[in-house]
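Taking the UniProt record's numbering, the leading residue of the sequence shown gets 1, the next gets one more, and so forth. Yeah, the Cβ is synthetic: ideal placement off N, Cα and C, and Gly gets one too. Input: a single structure, listed below in structure tokens.
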Amino acid sequence: MSDRAAKSDMQSALSELSADLQDQDDNYVVCPYDKVHRILPSRLALHLIRCARNNSSIKLVRCPFNTTHMLKPDELQEHVASCEFRKVYARFKHADMLPPTEPRAPATDVVDSSENWDEEPPVPTYDPQAYCVRNPVIRYMHGGSASQRRDFRNSERIRLNKFK
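What follows is the structure, encoded as structure tokens:
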């Protein structure tokens with residue numbers, strides 16, 4: 001491949017990359033406190049809180065219709081008159097039509113039952129130790145002295161040999 005072809009390929013790759021970067025620039029918003037800060041719109045609210053704390057000397061006021069709109073105090077009246085979120089707020093505050101209510105389920109008659117599930121049947125509770133004694137389950141003794149553990153192991157050997 002010649003140098004000219006390589007240069008041409010490189011230039012086309014760079015132009016594609018710059019086009020991609022330009023598309024990405026469209027997704028960002030500029031911070032009103034520091035014009036160098038570029039933030040995704042989804043992260044703007046959190047960024048404004050932090051940036052306001054760091055730039056306490058800059059006095060900006062919030063738009064009453066959208067808290068991510070930060071303006072100089074003298075620009076607020078003009079912005080309030082033309083804010084695009086004013087319509088959303090007005091529609092919320094002066095709702096001329098209420099949302100439709102969902103139909104309620106018809107009332108049903110309660111059927112009396114002869115069963116009472118709160119009464120417990122006369123059944124003994126499960127005892128895991130009793131089950132282990134009656135079945136070939138290997139058990140261990142935790143704690144106790146060395147002689148007690150030795151006696152327990154011997155009695156367990158005898159018990160388990162009965163099941164063979």
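Residue i and residue j closer than 8 Å at C-beta
i	j	result
residue 44	residue 61	no
residue 59	residue 73	yes
residue 128	residue 160	no
residue 40	residue 27	yes
Residue burial classification, residue i (beta-carbon count within 10 angstroms, cutoff 16)
i	result
residue 94	exposed
residue 132	exposed
Nearest-angstrom Cα separation, counted from residue j out to residue i
i	j	result
residue 153	residue 140	8 Å
residue 150	residue 114	56 Å
residue 76	residue 105	50 Å
residue 163	residue 130	16 Å
residue 85	residue 12	42 Å
residue 147	residue 126	31 Å
residue 32	residue 81	20 Å
residue 38	residue 10	29 Å
residue 158	residue 138	12 Å
residue 56	residue 42	23 Å
Neighbourhood of residue i by C-beta distance below 8 Å, restricted to the same chain and skipping five residues each side
i	result
residue 103	none
residue 69	62, 63, 79, 83 and 85
residue 89	64 and 65
According to DSSP, residues forming a beta bridge with residue i
i	result
residue 253	Residue 253 lies beyond the stretch modelled for the chain, which goes from 1 to 164, so this question has no answer here.
residue 70	62
residue 38	30
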